[in-house]
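Worksheet: one structure, shown below.
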Amino acid sequence: MGLTLAIRDLRVTGPTGRVLLSVDALDLPEGSLVGVRGPSGAGKSTLLYALGGLLPATGAVRWGDTDILALGEEARTAFRAANVGMIFQDFLLFEELGSADNAALAAMFAPRDRRSATRDAAVANLRHLGLEPGKRPVASFSGGERQRVGVARALAANAPVMLADEPTASLHREAADALINDLVALTRDQGRTLIAVSHDLHLLERMDRVLWVEDGVLRTEAADAA
Amino acid sequence: MLRDLWDGLPVLAQDVAILLALLAPLLLIGGFLLRGFAPWPLVRAVLWRFRWANGMFVALIAISVGMGIGLIAQERGLRQGTAAAADKFDLVVSAPGSEMTMMLATVFLQPSDVPLLGGQAYNTVANHPNVDVAAPLAFGDSYDGAPVIGTTADFARHLSDDRIEGRMWQSAFEAIAGAAAPVGIGQTFTPAHGMGDEAEENAHELVEFTVVATMPRTGTPWDRAILVPVEAVWEVHGLANGHAPEAGDQLGPPFDAAYFPGTPSIIVRAEALWANYALRSEFTRQNEMMAFFPGTVLANLYRVMGDVRQVMSIMSVVTQVLVAASVLLGLFILTRLFRRQVAMLRALGAPRRFVLSVVWSYAASLLLAGTLAGIAVGVGATAAISTVVTQRTDILVNASLGWGEIHLAAAFLAATSLLSVLPALATLRQPVVEGLRA
Amino acid sequence: MIGKAQTSSLLALIAVLALTMPTAAAEDHGHAHGAAAHDEDHAHDDDHAHDEDHAHDDDHAHEEDHGHEEDAAHAFETAGVKIVHPWMNATSGREALIFLELENIGNGSVSLEGAEVPFAETATLVGFALENGEGRYRDLPFVPVSPGRTLDLAPEGLAILASGLTRDFTEGQTVEITLQTSAGKIPLIVAVESETARQHSHAGHNH
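Chains as they are written, first to last, in the working numbering: chain A, 4 to 229; chain B, 18 to 455; chain C, 102 to 308.
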């Protein structure tokens, strides 16, 4: 169910005109699990945001048949809603809501006929991740529990692509390892494409391939240097 | 023509139509923003997260809306209360002077030093074929703060709608007490000369009145009054009692002009409405007497009161605008506090309209809660003030919620909800990635 | 001006408002006690003197006061009835009230019955009344005026209510109506005053 990724001549420039990221060419088959590593501030997150169509950029970022950079802003948003699940370093949950509402966030703006499917998927994912879906505010959850809610949220829309930004950086080792297992299992089971920016070697070693970003340049050849 | 159609509508339909027209933009915006979305859990989350600030906003809105509503409701309450107090006084005839002074003296029992009408004038009025009741009044005495007023039996019946409990007085020193007077049936009292602080307690030492009846509550200053035969008041003050000596103990009309000491005003009652106008022209005689409608004097007063209210209403609208502006500013600031969540929503694929619907619903919830609370505050404040006014003046002032207040509240709600789209739009202006990195 | 006893916030308010109103008032005196029959306080004894014996002798004086016949635009006279200062407010609404002063200068009673108003669907004689604090104008069949008396048609009093106006009226215009009285029809020219006028712009002049 995953999507292929094809990048050509991607350039992201900052407000001052400086090139923040440049990728000449990158092709990933569907269902790939890809890690992205590199020094802080090198442009890893910029790459991730550009892949999600969250940044203005030139070139082409093709997910399957869709060049996300050719779309307008609302069309990109709709594309993300249908195809991309995102996981954040510090979870970005609504602290006042329970695990079920957080995981089913997409149901609030999904077309009416897909709402219950999204909610059901959220509940199933939470259970699969060992969480009881409920109303208790996630503010009282541990870091590991919260990130699992974040993962359930990313999976709820049944998106073929997962983009994860340092998903384990806020977790202690044990929780991080548990999350890595879950994340890898859930993406592989469904054949999703996962791109994860991370410093976590435990995570990176579970990926099919690891990309290196330094000074805003993607180096595909450094793939297996770990 | 549209205007004909509009004028042809019943008043209630017009009021409802205005209300709907005022709320229409609100419903349109809400409908447009919320169509197909279910943002309520997020709205509730935001309401809860900023509950203290939100409570403050709602309180501010409630107070400012309540002030505006209270002002209108209070003015109407005073208007209705004072108008009801004047209901029994269709036409008043008095010596030429200030209609306002005479109205305060007769309708509101706030007598001042006014010239008197003589027996000739009284008989001219009393004997006119269109006059049903012509009651002289004699003010000036009091008992325990309650005015003791000399008049006729006909007027006592008129004032109480013929619902006197007890019996009509049969001798000069019997009295009928108003519902709020400090004496009841069977009690006796000795009136003091004058009113309040200046009352001379011992002026009428040898006189004693017995209360033989009470009147039902009317919601007017006359509730505190004690009515006695006008003959008694005159006699107590050492004057002729309105009748020739050979008339004996006669009470009430006809009065003999030669023995009539004078009355500050005559309350005139005519069966037909048209007759009141005829009588007014009849009894308007230069340098001799004047006739006026307390209702007309009050209507003129209401015009001034209305002008004052309008000035105050402008101030209250300014207050509302300031409150609305500060609430909107507060919302601008608060929305910056959840810009990360907004960015996250956009990253997860939430359309702009969904983000707008969350922020707008949040703002509109505050405004709606504040406006509804404001209506309660306005009615509550009016009820409290009205109770005090009623206690102090015996004028029954009711607090009620009228269409004017509802329209004001709806207009405030509609205008501010329209404006609250602005902070919602502002949250969308921030780039998503900056929001995520914030 | 109000008695100290039982002075209340409400009446204080009314009093303050009253002071802001133009009243044709005689002086009020600042004492709290009432006026009835105070031997020691007879500043107004003169008023009683009137009562003696002077039936209708004042009545002629009125006519002499009002002798400006040349000012034809403001005074209209027929068969013992004199109409002074007919006026209305400028309006673009559906209703207008027409005001005037009617003097009975003849020897018999005259009734004002209504008017024919060519620019309105209906015209009725109405009288003001307060109903629940709101002013209303109610229909009246007629109002009789005795010889020598004046009937005042004024705001918050008597008026001719013209309903279903067929046109707008602006200040400075004049319009023609016909008054119906028991003494016959009286054609009038009505002056249109400003939207907020409370009286004819020549009121106070004698005619």
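Glycine included, every Cβ here is placed at the ideal spot set by N, Cα and C.
Just so you know, these numbers come straight off a predicted model, no measurement behind them.
Three or more C-beta pairs below 8 Å linking the stretch 89-98 of chain B and the stretch 417-434 of chain B: yes
Tell me, which residues are paired with S177 of chain B by DSSP? DSSP, once it has assigned bridges, lists no residue as partnering S177 of chain B.
Could you tell me the alpha carbon to alpha carbon distance between L132 of chain A and V213 of chain A, rounded to whole angstroms? Answer to the nearest angstrom: the Cα atoms are 25 Å apart.
Of the listed residues C:A284, C:A298, C:Q274 and C:S302, nearest to L203 of chain C (C-alpha basis): Sorting C:A284, C:A298, C:Q274 and C:S302 by C-alpha distance to the C-alpha of L203 of chain C places C:A284 at the top.
By a C-beta neighbour count over all protein chains shown, 10 Å radius and 16 as the cutoff for buried, is L339 of chain B buried or exposed? exposed
Three or more C-beta pairs under 8 Å: does that hold for the stretch 50-59 of chain A against the stretch 134-143 of chain A? no
Got a sec, what are the start and stop residues for the beta strand (DSSP E) E217 of chain A sits in? Start and end: R212 to E217.
Answer with yes or no whether the minimum CB distance from L262 of chain C to chain B is below 9 Å. no
Euclidean distance between Cα positions of M119 of chain B and L315 of chain B: 12 Å
I need the boundaries of the alpha helix (DSSP H) containing M119 of chain B, first residue and last residue. E116 to T123
I402 of chain B - DSSP class collapsed to helix/strand/coil: helix
Is it buried or exposed for V450 of chain B, if we count other Cβ within 10 angstroms and need 16 for buried? It counts as buried.
Any C-beta of chain A within less than 8 Å: which residues of the stretch 350-377 of chain B qualify? R357, Q358, M361, L362, R363, A364, L365, G366, A367, P368, R369 and F371
Counting pairs of Cβ atoms below 8 Å between the stretch 430-440 of chain B and the stretch 371-382 of chain B, do you hit three or more? As far as the Cβ criterion goes, the stretch 430-440 of chain B touches the stretch 371-382 of chain B, which means the pair count is three or higher.
I need the DSSP call for Q447 of chain B, collapsed to helix, strand or coil. Q447 of chain B: coil per DSSP, three-state reduction.
So, at 7 Å on beta carbons, what are the nonlocal neighbours of A260 of chain C in its own chain, with the 5 sequence-adjacent residues on each side left out? L198, I199, F200, V227, Y238 and L254
What residue from B:M307, B:A441, B:V394 and B:A455 has the CA that sits closest to S115 of chain B's CA? B:M307
Cross-chain neighbours of R96 of chain B in chain C, by beta carbon under 7 Å: G234
What number of angstroms, rounded off, separates the C-alpha of G234 of chain C from the C-alpha of R96 of chain B? Straight-line Cα distance between these residues: approximately 5 Å.
For Q137 of chain B, count neighbouring Cβ atoms within 10 angstroms of its own Cβ and tell me buried if that reaches 16, exposed if not. Q137 of chain B comes out buried.
Whole-angstrom C-beta distance between L174 of chain A and M361 of chain B, which should lie under 8 Å: Actually they do not touch by this definition, with Cβ atoms about 19 Å apart.
Any beta carbon of chain B sitting closer than 9 Å to that of P187 of chain C? Not a single C-beta of chain B is nearer than 9 Å to the C-beta of P187 of chain C.
Can you pull the DSSP bridge partners for N201 of chain C? Checking the displayed sequence, the identity of residue 201 of chain C turns out to be Leu instead of Asn. Partner residues in the beta bridge of L201 of chain C, as assigned by DSSP, are C:L254.
In the structure shown, what three-state DSSP assignment does H175 of chain C receive? coil
For H186 of chain C: DSSP bridge partner residues: For H186 of chain C, which the question treats as bridged, DSSP gives no partner whatsoever.
Under 9 Å between C-beta atoms, does D112 of chain A make it to chain B? Reading off the sequence, residue 112 of chain A comes out as Phe, not Asp. Interface with chain B (9 Å Cβ-Cβ cutoff): F112 of chain A is included.
Do the stretch 87-94 of chain A and the stretch 338-352 of chain B touch if we need at least three Cβ pairs shorter than 8 Å? no
Give me the Cα-Cα distance between A197 of chain B and S282 of chain B, rounded to the nearest whole angstrom. 24 Å
What residues from chain B crowd round R239 of chain C, counting only those whose CB sits closer than 7 Å? L290
DSSP three-state assignment for L262 of chain C, whether helix, strand or coil: strand
Taking 9 Å as the cut-off, decide whether the C-beta atoms of L36 of chain A and L166 of chain A are in contact. no
Start-end ranges of the alpha helix (DSSP H) lying completely within the stretch 223-300 of chain B, minimum 4 residues: 247-253 and 290-299
Which residue comes first and which comes last in the alpha helix (DSSP H) that contains I423 of chain B? W420 to L436
So the beta strand (DSSP E) P245 of chain C belongs to, where does it begin and stop? V244 to V246
Quick check: what's the CA-CA separation for E225 of chain B versus A426 of chain B? In this structure, the alpha-carbon of E225 of chain B lies about 57 Å from that of A426 of chain B.
Please report how far the alpha carbon of F277 of chain B lies from the alpha carbon of V250 of chain B, in whole angstroms. 12 Å
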